[in-house]
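Protein chains in written order, with our numbering: chain S, 716 to 1035; chain Y, 716 to 1035; chain E, 716 to 1035; chain A, 716 to 1035.
In what follows, a structure is listed as structure tokens, so that the remarks can point back to it.
Number of protein chains: 4
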Amino acid sequence: MLKSIAIMTSGGDSPGMNAAARAVARTALYEGVKVWGINDGYHGLLEEDLRELESKDVGDIIQRGGTFLGTARCKRWQTPEGRRLGHENLIKRGIEGLCVIGGDGSLRGAQLLSEEYGFPIVGLPGTIDNDVWGMDYTIGCDTAANTIIDAINKLRDTASAHRRVIVLEVMGRNCGWLALVAGISGGAEYILVPEEEFDLEEITNSLTAAYDRGKRYILIVVAEGAASGQEVCDYIAKHTDIETRVSVLGHIQRGGAPTVIDRVRASQLGEQAALALISGLSGVVFGYSKGHVVSVNLYDAVNNKKQLDPEYLHLAKVLF
Amino acid sequence: MLKSIAIMTSGGDSPGMNAAARAVARTALYEGVKVWGINDGYHGLLEEDLRELESKDVGDIIQRGGTFLGTARCKRWQTPEGRRLGHENLIKRGIEGLCVIGGDGSLRGAQLLSEEYGFPIVGLPGTIDNDVWGMDYTIGCDTAANTIIDAINKLRDTASAHRRVIVLEVMGRNCGWLALVAGISGGAEYILVPEEEFDLEEITNSLTAAYDRGKRYILIVVAEGAASGQEVCDYIAKHTDIETRVSVLGHIQRGGAPTVIDRVRASQLGEQAALALISGLSGVVFGYSKGHVVSVNLYDAVNNKKQLDPEYLHLAKVLF
Amino acid sequence: MLKSIAIMTSGGDSPGMNAAARAVARTALYEGVKVWGINDGYHGLLEEDLRELESKDVGDIIQRGGTFLGTARCKRWQTPEGRRLGHENLIKRGIEGLCVIGGDGSLRGAQLLSEEYGFPIVGLPGTIDNDVWGMDYTIGCDTAANTIIDAINKLRDTASAHRRVIVLEVMGRNCGWLALVAGISGGAEYILVPEEEFDLEEITNSLTAAYDRGKRYILIVVAEGAASGQEVCDYIAKHTDIETRVSVLGHIQRGGAPTVIDRVRASQLGEQAALALISGLSGVVFGYSKGHVVSVNLYDAVNNKKQLDPEYLHLAKVLF
Amino acid sequence: MLKSIAIMTSGGDSPGMNAAARAVARTALYEGVKVWGINDGYHGLLEEDLRELESKDVGDIIQRGGTFLGTARCKRWQTPEGRRLGHENLIKRGIEGLCVIGGDGSLRGAQLLSEEYGFPIVGLPGTIDNDVWGMDYTIGCDTAANTIIDAINKLRDTASAHRRVIVLEVMGRNCGWLALVAGISGGAEYILVPEEEFDLEEITNSLTAAYDRGKRYILIVVAEGAASGQEVCDYIAKHTDIETRVSVLGHIQRGGAPTVIDRVRASQLGEQAALALISGLSGVVFGYSKGHVVSVNLYDAVNNKKQLDPEYLHLAKVLF
């Protein structure tokens, strides 16, 4: 059983990272294990910016967005020298295992440390994109989806007042999950995701017909990885007489107090990750799938591409 | 294949009922089946207060709390005469199947109609309590849980300012699910649920010790079925010097725009229920369990008692 | 006393337009005056798309964003022929006065009708920009400002996690009011408004110094009329090493359920406008200033430029 | 000019207290004046629980509900001995003036210190009740009113689904301001305030008639000082067949992130209070009235009773 572990958050922040870090820390402390908090991700590890955590250090954070540990991008970690230094900085403090909370890229960075030094690593999927292979949930995706439907509610007011087409661009470079669930929930007429082809001409014809039948407004949700919202907007504006506007939601999607789901699951995953790491497990990511906490091989998680749930794709078509 | 079906919402309303009814209606219409909307539950069926629905009748409702069909309690439905009249009112319009969206009591009412007349029935679990056997999700429970944590966020501000104990009573007569997930998410120090015994003296001693260690405030979440919030508050106020306040959240928990989860799952369940009913299935409730839509025998669903997830009970203890 | 009046909403929609229209209608009906609702602004008037309103037609709308009457831009109204036709369409229905709810441009259109045909007109300032001369409040500005600080709350989470500069572009082509109050409320370090010069070089130097002192993030709020958010972001990114991101809030600012202030003031203004119009007054806009409903000459309102409150400009400097 | 001042928050907390304390502290520091923060109100002063504040101590709090200084009730302050000790604790640290942020009772406590010891005092009205004489705004009232209309939005969903009467009890022991503006904004049919008589029989008859005309639900907002919500509910349930429910909003009304109005006005008032105190003024409360910061004699403020705005009372009658 390990005696001392460290936690970091890395990459883009997501709501629930605090809840996850809190669960890791409290579980470890409960088990009598020392816990270090590393500030600003791999960058802080290289800068030796870390400190021991007590239980109260993670008090009053479960409800906060962002991450109390900070996060940063770190180019030096891409280099063997960077990782060597990072490993040294862990070893010389007696830290025996590391829990990394972050997205694809951050988990990949952790995988290298595990591979090259055999250093015990567990990962937690902290990303609003819900794009990690082997699980149907990542920490923060539920909050982000709810942030989007709040925006849709506001856009619907003004779209309906003006009889407009509104194109809403949301996050998701490789994965259309956010666009898909937010679009279904927001009653969007069209949802464009990177995983599926679409034909702007067909969409334009179809929405023109809908206006002719008396439709008061049309909402199109676009994942950034599928198309640029501005380009979709310009295309429709050019080929129809309908007033069209674009809204790019941007970084607002990353913030905000986490939802119940994101807090509860982050807590469950954090507890399991801490227990596993302490007991000597390594090279796994803990995720949530089909109603259960699951552990996924870290190498597989970062080297496979997740597919969109076909049920959701189907639903988007049937209900509109 | 059935040619004409009806939908009703019954019992206490829950956020997402509209999304479910919309999915039932749109799926049936898509399949070329006639759809009737019954107003105000069984009461409306007896009063012949129903109408055919078109696609646009369920437009612009996915984001709304409550139910556009209305709901009501109905004592006459408890009588054989009531049900005979209800059956007649369905038959004489050529309606061949009924989809009932509601909680325990409402599903029981549907079960009787199915049993006594062999009338094709499918149920959808619409209740914030998440207390229907055979599934780990009911429509509306996610929105209600998020409403509670919003309240907790506000209560925390004032509790912390005053160094108070706050006792928050939430819904859940037979089932502590709402109290449990909201309590975990809200960082509550104590969570009282009907499924588990608790000792107020022990809690009082423990919270006094926490105050002595410098704790700034304590939050206790109580399911109405476990204890009266007022009584818990009075007990603590009587046995300690700590300022204690109670808040009874009440009917606010039933309202509000549904969350993403409640909209998406209500839509999935509604689609499956409609397809099943149309194809001739009867006597089942569609629920969501372990990441999948499941169908549960209607008789079993209303005659068994759901247990709380032991993982959640465990989590509540470890993290505080 | 007039016997029949009409209401329209015109130009960009703003939260509280419904509350205002409701108050106009209910006040007039209470006084025994017939009320017409014109759909889609001047466009609807030219298309004869209007109907008589009853009290219940304006029920259940006080809490909704957008406008139940719809709104639209209308080029034909800019022409004398357009206005002649509009006047005819009013006259031939016996409508003796018109209440226009909208921003600068819409009120200007109303002013022309008043000037050219002596047709009784009262205006209500419906715009989130708070840029109408002669008053310190326009309907919708409070909701929009609160929408912006909600966004700032989310952006702060992620900015703080990443030690970033966030540039937030908000509405306000000619007027920095929204940027100024949202910036003060959101604790922004810099607020750029069209009414005041600023020096990007100076700002960049100052924020670099703040980072060197240990500041975790910087928020800059930019009114669209002062600068492009993207350009400000690019300038800082180019001249510093600090990670910088831009967020353009866009049309979300126009939507959403109105706040208490916007509902109450819209109601007060609507009542006064209806009473004035009915009693024969014309050529005035009703606004809110220094704690009172005020009436401003319509010509003056649309031909003068409002100044920013110097107290706010001062406050923004002192508190940061 | 004073060289050292102290700030405290006292009595019930209200949203915006943090913004006010931040403005007092930053203004004083900007003027080169030392600032002490007293924890937990008069209690902390007697316990010598205070510390010097720097600018960063009030960073990142403008958006938070509650008060970072804490607050408490304090019986000893009611005694001459308590106030003598409090005065000593200020004097021996060289503190020359005190800014108290709180409601009626807290300002009264400050007035005694000013009267008995000639100690320089300025007050800021921090209370959600908006019941301080001489001003039409107190810090926190706008946030509380918006919290109430959010609750009304949720209650409306469920009331409408069930065709119910909902009785909502809100805060306001002596003052109906909150009930009145929230009732107007929420479209309440009846609003009961302590300042006006009402007749439950009349209300019951009138609402029965409304149901008979087809009304789907009725909302009654009751200030706690006017009647008990439970009693109003029971009366109606007893005398009609209409399903009636009560909701007591409770302490939720005190919490939450402050609105734009509460942040901006608290900031303005805080700045003015600090400047006045530093320059030697004493015995005044700074409030906001008719669009301006006003200073009110402290004795007058706590010895006169505020009246409700008759325009609001009128509005509540006309629009429903």
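Backbone N, C-alpha and C define an ideal beta-carbon position, used for all residues, glycine too.
The model shown is predicted, which means the values in this text are computed figures rather than measured ones.
Can you check DSSP and say which residues form a bridge with residue i?
i         : result
Ser719/E  : Lys749/E
Asn1012/A : Val999/A
Glu904/S  : BP columns for Glu904/S are empty, so no partner.
Ala938/Y  : Val885/Y
Leu839/Y  : Ile816/Y
Leu765/A  : Ile753/A
Thr724/A  : Ile816/A
Ser1004/S : His1007/S
By how many angstroms is the C-alpha of residue j removed from the C-alpha of residue i?
i         : j         : result
Val1011/E : Tyr745/A  : 40 Å
Ile951/E  : Ser875/E  : 17 Å
Glu1036/S : Pro973/Y  : A query on residue 1036/S cannot be resolved here, the shown segment of chain S reaching from 716 to 1035 and no further.
Asp851/E  : Leu813/A  : 33 Å
Lys1032/Y : Ser994/S  : 20 Å
Val837/S  : Asn1018/S : 16 Å
Ala941/A  : Glu910/A  : 8 Å
Leu668/S  : Gly747/E  : Because chain S spans 716 through 1035 in this model, residue 668/S falls outside it and cannot be assessed.
Ile777/A  : Asp764/A  : 23 Å
Ile864/Y  : Trp792/E  : 51 Å
Gly797/A  : Ala736/A  : 24 Å
Leu827/Y  : Arg766/Y  : 24 Å
Gly929/S  : Ala787/E  : 16 Å
Gln945/E  : Leu717/S  : 49 Å
Gly809/S  : Asn868/E  : 38 Å
Arg823/S  : Cys789/S  : 13 Å
Thr873/Y  : Ile753/E  : 47 Å
Leu1034/Y : Lys771/S  : 12 Å
Quick one, are the C-beta atoms of residue i and residue j less than 9 Å apart?
i         : j        : result
Gly731/Y  : Ile854/Y : yes
Thr724/S  : Gly785/S : yes
Val1008/S : Gln987/S : yes
Asp728/S  : Gly780/S : yes
Glu811/A  : Ile720/A : yes
Leu768/E  : Val750/E : yes
Gly818/S  : Gly801/S : no
Val885/S  : Val937/S : yes
Ile816/E  : Val908/E : no
Leu964/E  : Ala866/E : yes
Arg888/E  : Ile933/E : no
Could you pull the start and end residues of the beta strand (DSSP E) that residue i belongs to?
i        : result
Val773/A : Premise fails: Val773/A is in no beta strand (DSSP E) and is neither H nor E.
Ile806/E : It is not in any beta strand (DSSP E) - Ile806/E instead sits in the alpha helix (DSSP H) that spans Pro795 to Ile806.
Ser962/A : Thr959 to Val963
If you follow the alpha helix (DSSP H) that residue i is in, where does it begin and where does it stop?
i         : result
Thr873/E  : Cys856 to His877
Arg980/A  : Val975 to Ile993
Val1033/E : Pro1025 to Val1033
Glu917/S  : Leu915 to Asp927
Glu947/S  : Strictly speaking, residue 947/S in this sequence is Val, with Glu absent from that position. Start and end: Gly944 to His954.
Consider the Cβ of residue i: report whether some Cβ of chain B lies at a distance smaller than 9 Å.
i        : result
Tyr745/Y : This model lacks chain B altogether, as its protein chains are S, Y, E and A.
Could you tell me whether the segment 952 to 962 of chain S touches the segment 824 to 834 of chain S, where touching means 3 or more Cβ pairs closer than 8 Å? With the cut-off at 8 Å, the segment 952 to 962 of chain S and the segment 824 to 834 of chain S do not touch.
At least three beta-carbon pairs within less than 8 Å, the segment 838 to 848 of chain A to the segment 888 to 901 of chain A: The segment 838 to 848 of chain A is in contact with the segment 888 to 901 of chain A.
Contact the segment 976 to 983 of chain E vs the segment 913 to 932 of chain E: 3+ CB pairs below 8 Å: Judged by Cβ distances under 8 Å, the segment 976 to 983 of chain E makes no contact with the segment 913 to 932 of chain E, as fewer than three pairs qualify.
Given 8 Å, three or more beta-carbon pairs between the segment 997 to 1006 of chain A and the segment 895 to 905 of chain Y: The segment 997 to 1006 of chain A, when compared against the segment 895 to 905 of chain Y, does not touch it at the 8 Å Cβ threshold.
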